[in-house]
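Here's the structure, in structure tokens; my notes come after.
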Amino acid sequence: MSWNQLQRQRLALEKEILNTYFPQFSWINPIDSNNTRIEGEVKTNVGNVYKLRVYVPSDFPNSLPDMVVIYPYPLKGYQGQDMKRHETSRSMHTLTPRDGYLKICHYRDWLPNITLYKVVLKGRIWLEALEGHKRTGQPIDAFLSHMQ
Numbered sequence: 009m010s011w012n013q014l015q016r017q018r019l020a021l022e023k024e025i026l027n028t029y030f031p032q033f034s035w036i037n038p039i040d041s042n043n044t045r046i047e048g049e050v051k052t053n054v055g056n057v058y059k060l061r062v063y064v065p066s067d068f069p070n071s072l073p074d075m076v077v078i079y080p081y082p083l084k085g086y087q088g089q090d091m092k093r094h095e096t097s098r099s100m101h102t103l104t105p106r107d108g109y110l111k112i113c114h115y116r117d118w119l120p121n122i123t124l125y126k127v128v129l130k131g132r133i134w135l136e137a138l139e140g141h142k143r144t145g146q147p148i149d150a151f152l153s154h155m156q
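For the sequence shown, the working numbering gives the first residue as 9, with consecutive numbering after it.
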């Protein structure tokens, strides 16, 4: 299935914005609305490199895109524990894994005017909070409380 004209215009704008702020992100299967994703590496302030994947839903921008951490795999938290063990956790801002990868909760309520740039930015912020969790054992929520 392919994107409709309005979606193609929106995705072109999304690509332009991402190229400006996250040029390391690539589009995968951009023609196939049932399998479009964006992926890219993010380096945290402490120098660790992670790779995020955002699944662009076929009815984008009307539905929330899923975001997962695909590298490193498995994603480790405090004391080397697999982060997927948290499943759906409010305090860790995680959801049931997708395709075997940890899914990050990035927006509680979705609106069509939210951009993929903002989704990736939230992923970047979540990764910074993960660094704090790995260092202290505190839940991700302790580092994101200002975002609620």
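Using N, Cα and C, we set each Cβ at its ideal position, and we do this for glycine too.
- Excluding sequence positions up to five before and after arginine 132, its CB lies within less than 6 Å of the CB of Val50, all in the same chain and listed in chain order.
- Nearest to glycine 85 by alpha-carbon distance, out of Asn56, Arg16, Glu24 and Arg143, is Arg143.
- Comparing alpha carbon positions, the residue from Cys113, Pro65, Gly140 and Gly108 closest to lysine 92 is Gly108.
- The three-state secondary structure of aspartate 74, taken from DSSP, is strand.
- The C-beta of methionine 100 has 16 or more other C-beta atoms within 10 Å across all chains shown, which makes the residue buried.
- With fewer than 16 other CB atoms across the displayed protein chains lying within 10 angstroms of its CB, arginine 116 is exposed.
- For threonine 28, the secondary structure class from DSSP, reduced to helix, strand or coil, is helix.
- Taken atom to atom, the span from the alpha-carbon of alanine 137 to that of threonine 123 is near 21 Å.
- Under the 10 Å beta carbon count, glutamine 15 is surrounded by 16 or more other beta carbons and is classified as buried.
- Counting along the chain, no alpha helix (DSSP H) covers tyrosine 115, and no H or E run does either.
- By the 16-neighbour rule on beta-carbons within 10 angstroms, serine 41 is buried.
- Looking from the CA of valine 76, the closest CA among Gly145, Tyr58, Asn43 and Val54 belongs to Tyr58.
- Here the alpha carbons of histidine 114 and glutamine 89 stand approximately 22 Å from one another.
- Every beta strand (DSSP E) stretch that sits fully inside the stretch 32-93 and reaches 3 residues is listed by chain position as 34-36, 45-51, 57-63 and 74-79.
- Counting every other CB atom within 10 Å of its CB across the protein chains shown gives isoleucine 36 a total below 16, marking it as exposed.
- From the listed residues Leu119, Ser153, Phe151 and Ala150, the smallest Cα separation to serine 71 is found for Leu119.
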